[in-house]
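Heads up: take any position in the sequence shown, counting from 1, add 1, and you land on our numbering. Where a beta carbon is used, it is the ideal one built from N, C-alpha and C, also for glycine.
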Amino acid sequence: MSKPTTFLILGASGDLTSRLLLPSLGQLLQREPEREVVLHGAGSDAWTTRKWRDTVREAFASVGADDQVEKVAGTTYTQADITKTADLKTLVADAQGRLVMYFAVPPAVAATACEVMQDVPLPEGTVLALEKPFGSDEHSARELNRTLRMLVPEEQVFRVDHFLGRSTLLNVLGVRFANRVVEPVWSADHVESVLIRYDESLALEGRARYYDKAGAMVDMLQSHLLQVLAVLAMEAPASLDEKDLRDAKSAALRATHIWDDNPVRFSRRARYTAGRIGDRELPSYVDEEGVDPERETETLAEIVCEVRSSRWAGVPFTLRSGKALGQKTAEIVVRFRPVRHMPVGLTGAPADGGVLRFSLGPDQMSLELNVNGGDDPFALHREYLTTDLGEGRLKAYTEVLSELLDGDVALSVRGDAAEECWRIIQPVRDAWERGDVPMEEYPAGSPGPKGWPTSS
Ligand code: NDP
């Protein structure tokens, strides 16, 4: 960590930069005081360096990292169109140490910039960081991968998925592989079902420009939740270095398909109507500013996947995510099969053989066990062993940023995995496009459409 890293943010005047990247950088510099970062911002807006520095200062202050501002006090802003070769050449020319280019721009702009960069000599070791969504389907993701391969080796491409930096997900690795009480039972022999759920009480929050084209399926399932599935379902990697870890995840994704290849039966979609969440009155999704009802964008999506391997055959992996729901519930639920035999005399037969639950935000882990005792010493009831795992969303970006600035891509999505994730969901998108799966409705603030499970 002795050499500085030049962190060049493209799209510096955007939402992602001010809300997540800069606060995370502030946190990171606070956490790792020896880290040297030369920060540059660039974007199409006619910002001055002074305005950029104010933005950096405010973002650092928002996470209590005011004391770190002086480390990037010399930061500058350059107005540039990153789809133009000349502008890109100027931007990369002054890099010191390793150059990390973060494309905090709309995906189409990032794709064009990557095409154009073929004529821009990049310093040795340059790392390119790309945000989600990576492409818009399997074909476009493959094309973008092809372009990127002409620029830098795969080990220098960081496809950002901040879920991979979440303490919960990182803890899955430890819990799964370091515990004799968990590792041997992590298979279809013992696991009955897996649920990966990310229900938000937030609604559109003015992000129609992006969300109305993505919907819950692309925004959450295609990217984050399939990454979670990969970590849960993968075989034990020999090590956590980028090759071993990402090989294992990709193998799991290649084995993943929509249950029974039947997207009509094993997918659901819905959209919120007007309702109330706490003291907020929400309009119907279709009446939100910037939404085009013709697009038929879903705000709640669910798919059931199977992982075709000897470890997982027969275990449904349900992925679900939605907006404007009554309760924020973000969790991984691993439900164990009932025991084969219960001694006669124990009463209150449980529905399952226990549940391991990882919650995201606040990040917690809980093991639900069937225990007896209490008033009737032979009656079973549920007890919960719960522990906190760490901080939430911003911390995840900080973790990701730390790896990125080190040039370590283990916690990023490899090119083939990005393509696989599109391949997995495509049959569902096709079925929805054909109108084979009805668009259901749920009032904002409710648990979801009638007939969908309300708890896990
Ligand atoms: P914004 O629209 O807020 O910001 C995009 C930035 O890119 C703007 O500053 C824009 O400038 C700039 N830009 C556009 N075209 C060019 C160009 N040709 N040359 C230079 N700069 C350009 O988007 P977000 O910050 O919300 O999102 C950026 C990326 O991050 C997207 O891929 C998004 O999917 C992803 N993302 C965003 C999240 C978020 O919470 N915001 C979360 C996860 C991912 P101008 O304003 O002048 O157009």
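Comparing C-alpha distances from Gly-276 to each of Lys-52, Gly-291, Gly-449 shows the shortest one belongs to Gly-449. Contact between the stretch 212 to 229 and the stretch 133 to 153 is established, with three or more Cβ pairs separated by less than 8 Å. Within a 10 Å sphere around the beta-carbon of Lys-324 sit 16 or more other beta-carbons, which makes this residue buried. 9 Å or more divides the Cβ of Ala-13 from the Cβ of Ala-62. Per DSSP, Thr-169 has no beta-bridge partner at all. With respect to Val-340, Gly-354 sits close: the two C-beta atoms are nearer than 9 Å.
Separation of Ser-413 and Ala-380 (C-alpha to C-alpha, rounded to the nearest whole angstrom) is 47 Å. In the structure shown, Asp-364 adopts extended strand secondary structure according to DSSP, grouped into three states. Note on geometry: alpha-carbon atoms of Glu-290 and Ala-209 lie some 7 Å from one another. For the stretch 261 to 303, the full-length beta strand (DSSP E) segments reaching 3 residues or more read 268 to 274, 276 to 278, 281 to 283 along the chain. Around the CB of Lys-72, 16 or more other CB atoms lie within 10 Å, so the residue is classed as buried.
Judged by beta-carbon spacing, Arg-20 lies beyond the 9 Å limit of Tyr-199, meaning their Cβ atoms are not closer than that value. Not one heavy atom of ligand 1 is found less than 8 Å from the C-beta of Asp-55. Check the Cα spacing between Leu-145 and each of Val-57, Pro-108, Leu-11: the tightest is with Pro-108.
Ligand 1 never approaches Val-340 closely enough for any of its heavy atoms to be under 8 Å from the residue's Cβ. By the criterion of at least three beta-carbon pairs nearer than 8 Å, the stretch 166 to 181 is in contact with the stretch 395 to 402. 9 Å or more divides the Cβ of Arg-147 from the Cβ of Asp-213.
Cα atoms of Thr-348 and Asp-377: separation of roughly 9 Å, rounded to the nearest angstrom. In the DSSP assignment, Leu-131 falls within the beta strand (DSSP E) that extends over 128 to 131. According to the DSSP assignment, Ala-217 belongs to no beta strand (DSSP E) but to the alpha helix (DSSP H) extending over 209 to 217. With a threshold of 8 Å, the Cβ atom of Ala-189 does not count as near ligand 1, since no heavy atom of the ligand is closer than that. Rounded to the nearest whole angstrom, the CA to CA distance from Val-438 to Ala-142 is 26 Å. In this structure the stretch 44 to 58 touches the stretch 14 to 33; the number of beta carbon pairs closer than 8 Å is three or more.
Around the CB of Asp-293, fewer than 16 other CB atoms lie within 10 Å, so the residue is classed as exposed.
Counting only runs of 4+ residues, the alpha helix (DSSP H) found wholly inside the stretch 98 to 182 occupies 108 to 117, 139 to 152, 168 to 178, in chain order.
Look at the beta carbons and you see the stretch 103 to 119 touching the stretch 79 to 92: at least three pairs across the two are nearer than 8 Å. A distance of 9 Å or more separates the beta carbons of Pro-344 and Asn-371. The beta-carbon distance between Leu-390 and Gln-365, rounded to whole angstroms, is 6 Å. This is short enough to meet the 8 Å contact definition. In this chain, the alpha helix (DSSP H) harbouring Thr-50 covers 50 to 62. Contact fails between the stretch 256 to 266 and the stretch 278 to 289, because fewer than three Cβ pairs, one in each stretch, are under 8 Å apart.
Membership of Arg-430 in the alpha helix (DSSP H) is indicated by the continuous run 416 to 435.
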